[in-house]
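These notes are about the structure you will find just below.
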Amino acid sequence: MVAVLVEDASFNRGGVLVLAGVTFNVAEGSALCLTGANGSGKTTVLRALSGVVQPSAGRILVAGEPVDERSPAFRRRLAALVGSVPFSLTLTAREHLIAVSSSWGSSVTDAKATADRVLSRLGLDQLAERFPHELSSGQFQLLSLATVLARPFEVLVLDEPEQRLDANRRELLARILSEERERGAVVVIATHSQSLLDQLQASEFDLGRQDGEGRQRAA
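Counting in this note's numbering, the sequence shown runs from 24 upward without gaps.
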């Protein structure tokens, strides 16, 4: 079943066409990587998938429904990490994840268990009581990823999740995203990492073509 469909989407910036004919689909339990140079429009497409911006033409569907960030069902279905997370200066890493899980209806007990599970999964359990600003750049990136893993989702949208991660943490990232795909989630990421694309067994959508149109390639 197709879970994400982008059909002939175009995007304008300041009245100028910057992307045209963006068309791809992603089935349940599959991954797609958006590739292309910086400025090619990868983040724009991810923001559109997240409902933050709208295409000037074409359509975007998630689970057969138009993207609508005001819809509770859509917000519960899709989790996105596009841009920086506005972490509080007064909450620890664990407290942030408890707050995230609680905001999606978990009891306090369940939210604490979710926070501990996600921190352990990302190798951050020894840093649970640290404040985000006390973390290294790689640890901070993993905590940002933790904020989306601590909530429910069927579709996971990530913008260059490998940035600031060393080789070992990139392997961890690939393993976690593969696990999410294997449980049936859709994973859509923008990346410059060919190894991440290969490890995810992802199809590729190249936004780097000079004619402004991308092309999907199967895994």
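Don't be surprised by glycine CBs; every beta carbon is placed ideally from N, CA and C.
Since the structure is predicted, the reported quantities are computational estimates derived from the model, not experimental observations.
Considering only the alpha carbon of each residue, which of V123, E202 and D221 lies closest to A169?
V123
For the beta strand (DSSP E) that T115 lies in, which residues bound it at each end?
Counting along the chain, T115 falls outside any beta strand (DSSP E), and DSSP gives it neither H nor E.
Beta strand (DSSP E) runs contained entirely in the stretch 121 to 183, provided each spans 3 or more residues
DSSP runs (the beta strand (DSSP E)) wholly in the stretch 121 to 183: 178 to 182.
On the criterion of 16 or more Cβ atoms from any shown chain inside 10 Å, does T132 qualify as buried, or is it exposed?
exposed
Distance between T113 and S63 (C-alpha atoms, nearest Å)
37 Å
Between the stretch 193 to 201 and the stretch 41 to 48, are three or more C-beta pairs nearer than 8 Å?
no
Compare the C-alpha of E152 against each of I83, E227 and R117 and name the closest.
R117
Are at least three pairs of beta-carbons, each pair with one atom in the stretch 190 to 197 and one in the stretch 132 to 143, less than 8 Å apart?
no
Look at the alpha carbon of S167 and the alpha carbon of S159, and state the distance between them as a whole number of angstroms.
12 Å
If you count every other CB in all the chains shown that lies within 10 Å of the CB of E183, and 16 or more means buried, which is it?
By the beta-carbon neighbour count (other beta carbons within 10 angstroms, threshold 16), E183 is buried.
Which residue comes first and which comes last in the alpha helix (DSSP H) that contains F97?
Where F97 is concerned, the enclosing alpha helix (DSSP H) stretches over P95 to R100.
Exposed or buried, E157, counting other C-beta atoms within 10 Å across all chains shown (16 or more means buried)?
exposed
Residues in the same chain with beta-carbon distance under 7 Å from N35, minus the five sequence neighbours each way, listed in chain order, please.
V41 and S79
My output table needs one value for L230: the three-state DSSP class, helix, strand or coil.
Shown here, L230 sits in coil according to DSSP, grouped into three states, outside any helix or strand.
Looking only at C-alpha atoms, which of V209, Q186, R206 and W127 sits nearest to R174?
W127
N- and C-terminal bounds of the beta strand (DSSP E) containing L55
A54 to T58
Mind checking M24: buried by the 16 CB within 10 Å criterion, or exposed?
exposed
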